[in-house]
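Using full-length UniProt numbering, you'd call the opening residue of the sequence shown number 1 and step up by one each time.
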Amino acid sequence: MPTLSLDCLPVELFHETLSYLSGCHILKAFYSINNYLNGILTGYNHYMLDLSASDIGKNEFDLICSFLRPEQIVGLHLGQNPFDLANRFLSNFANRQPLTHLRSLWIDDTIVVDRSFLTKLTSTIDLNILLSIRFDRIHQNDIDLSDSYNFDSLTHLTLRSSNQYCSLSKWAPTHLTYLHMFFDSIVHMDILSRANMHQLKSLGIGIHCDSNNIQEFTNAFSNYQWTQLIQFNLNLSGNMNVSFEIMRRILSEMHRLRYLTLILSEPLAIHNDVLNGTQWESFLSTSLISLKTFNLKFVIMDSWCGPLDDLLIRFRSEWWVSTKQWFIEYDYGLRALITVPYFAPKITDTDHFYTVNLMGNPNIFYSNIEGLEIDLQKYDQCEQIFMSQSLTQPCFNHLTRLSLNGSLTTELSARIQEHVDLQMVKYFQFTSQV
Numbered sequence: 001m002p003t004l005s006l007d008c009l010p011v012e013l014f015h016e017t018l019s020y021l022s023g024c025h026i027l028k029a030f031y032s033i034n035n036y037l038n039g040i041l042t043g044y045n046h047y048m049l050d051l052s053a054s055d056i057g058k059n060e061f062d063l064i065c066s067f068l069r070p071e072q073i074v075g076l077h078l079g080q081n082p083f084d085l086a087n088r089f090l091s092n093f094a095n096r097q098p099l100t101h102l103r104s105l106w107i108d109d110t111i112v113v114d115r116s117f118l119t120k121l122t123s124t125i126d127l128n129i130l131l132s133i134r135f136d137r138i139h140q141n142d143i144d145l146s147d148s149y150n151f152d153s154l155t156h157l158t159l160r161s162s163n164q165y166c167s168l169s170k171w172a173p174t175h176l177t178y179l180h181m182f183f184d185s186i187v188h189m190d191i192l193s194r195a196n197m198h199q200l201k202s203l204g205i206g207i208h209c210d211s212n213n214i215q216e217f218t219n220a221f222s223n224y225q226w227t228q229l230i231q232f233n234l235n236l237s238g239n240m241n242v243s244f245e246i247m248r249r250i251l252s253e254m255h256r257l258r259y260l261t262l263i264l265s266e267p268l269a270i271h272n273d274v275l276n277g278t279q280w281e282s283f284l285s286t287s288l289i290s291l292k293t294f295n296l297k298f299v300i301m302d303s304w305c306g307p308l309d310d311l312l313i314r315f316r317s318e319w320w321v322s323t324k325q326w327f328i329e330y331d332y333g334l335r336a337l338i339t340v341p342y343f344a345p346k347i348t349d350t351d352h353f354y355t356v357n358l359m360g361n362p363n364i365f366y367s368n369i370e371g372l373e374i375d376l377q378k379y380d381q382c383e384q385i386f387m388s389q390s391l392t393q394p395c396f397n398h399l400t401r402l403s404l405n406g407s408l409t410t411e412l413s414a415r416i417q418e419h420v421d422l423q424m425v426k427y428f429q430f431t432s433q434v
């Protein structure tokens, strides 16, 4: 079979491939193979750097600082790293030209954005030219720079708090297509949403309401014109009486919606019509006909101890299960009605696994679990984890972490091998007291 030399591949193919990789991995994989590839790396001007990753060593970082020119970097993710790469990166590039072509900046919650850090950041980066900003942790009491930034170029904005945004700017950006934020007031939500409602494609709202202002919150949505909105996430918390009518009024103008996520953190009474799957089916099938994905998490009051069959059956009609393929279950650990696998746990153990066996679609949960801790001394719970019937293929088919504690019997060993795809397991721990 003839061998294909990398030198024969066109530059455009490499550029397309590199667009899917982080800048650190690009340099680690392709730098110094030959002059042809080095030339491609030198000419590539769309590096996305993730300096929060734990696998970046000194050699990779030194290569970033020595090989890349500032104008080649268009995306930057900063987070705490064992080598303090965020501060080292900013210090290094502060002595060079600014990152004039940077368009996307994410500072995760491992770094506190205070006045000192922001001063260092803005010596290298002009925040006003960015298209996308995500700050996960701002120390707003230490910052009052509201006159400094207008963010008029922003198209994507993600913040933990609208108060944090106000500490950075007193102007509302007007070109947002993506806005995800916890709003500290309805006024903040209204200002930012109204200024961008005609071009917003993705909107995420987290907000705390009570019985005194839930109507004000709901009424605001009747005045919005969502001409482009296709994704809406709502996380609503607080002591209030949420009804299906409130949900309908919030959603009724979102005619183009394709992706919807609703989280109601305030526990609902079992008779609340928000928990009526038939009513949701009627509304969604006629008003939001383009909806492809619906993820929900509705917490139910602890006082309810009875069966949930009557509630769940309304979410198991042919429309829910076959037409839309949306699977709703009750998680006894979360005490919540949830969409699976979106809200299903990825890590579980012997004590909490009993909830899966009470669900109508346990296999979805099995395939979603990535980490499993088994206390072998609790034999009854182990029996619940490993179903008694024979399987044609393992149900734990995405498990990457497996931890066993106790004495492993021949029977349990056989059960584990039958139910777990051991070829997928990357991390295994076994502890036993002899």
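Just so it is clear, CB atoms sit at the ideal spot from N, CA and C, and this is done for glycine as well.
- Assignment of Ser161 by DSSP, reduced to helix, strand and coil, places it in the coil class.
- In the three-state scheme derived from DSSP, where H, G and I count as helix and E and B as strand, Asn241 is classed as coil.
- Non-local C-beta neighbours of Lys201 in its own chain, meaning closer than 8 Å and more than five positions away in sequence, comprise Thr177, Tyr178, Gln228, Leu229, Ile230, Gln231, ordered along the chain.
- Scanning its chain for C-beta atoms nearer than 6 Å, with the 5 sequence neighbours on each side dropped, one finds around Ala344 the residues Phe365, Asn368, in chain order.
- In the DSSP annotation of this structure, the continuous segment of the alpha helix (DSSP H) that includes Phe221 starts and ends at 214–221.
- As a beta-bridge residue in DSSP terms, Gly206 pairs with Phe182, Asn235.
- Partner residues in the beta bridge of Phe135, as assigned by DSSP, are Ile107, Leu159.
- Take the alpha-carbon of Asp210 and the one of Ser237: they are about 8 Å apart.
- Counting C-beta pairs with one atom in each stretch, the stretch 154–163 and the stretch 182–192 have three or more that are closer than 8 Å, which means they touch.
- Only residues of its own chain outside the window of five on either side were considered, and among them Cys382, Leu404, Asn405, Gly406, Ser407, Leu408, Leu412 have a CB closer than 7 Å to the CB of Leu376, listed in chain order.
- Judged by their CB atoms, Gly79 and Thr110 are nearer to each other than the 8 Å cut-off.
- The residues Tyr36, in chain order, have a CB closer than 6 Å to that of Asp7 in the same chain once the five nearest residues on each side in sequence are set aside.
- The continuous beta strand (DSSP E) containing Tyr330 extends over residues 327–331.
- In the displayed model, His77 falls within a strand according to three-state DSSP.
- Between Leu288 and Met254, the CB-CB gap stays under 8 Å.
- Note on Ile347: under 16 other CB atoms within 10 angstroms of its CB, so exposed under the neighbour-count rule.
- Following the DSSP letters along the chain, one finds Val321 in no beta strand (DSSP E), marked with neither H nor E.
- The beta carbon of Gly23 sits closer than 6 Å to those of Tyr47, Met48, Leu49, all from its chain and outside the five residues before and after it, given in chain order.
- Asp309: member of the alpha helix (DSSP H) spanning 309–312, first to last residue.
- DSSP places Val425 outside both helix and strand once states are collapsed to three, so it counts as coil.
- Linking Phe93 to Trp226 through their CA atoms gives a straight-line distance of about 41 Å.
- Under the three-state reduction of DSSP, Thr339 is assigned to strand.
- For the 8 Å CB-CB criterion, Pro98 and Thr119 do not form a contact.
- Per DSSP, the continuous beta strand (DSSP E) segment holding Pro267 begins and ends at 259–268.
- Closest in alpha carbon position to Phe430, among Ala414, Lys292, Leu311, Leu402, is Leu402.
- In this structure Glu329 does not touch Val321 by the C-beta definition: roughly 12 Å separates them, more than the 8 Å allowed.
- Under the three-state reduction of DSSP output, Met48 falls in the strand class.
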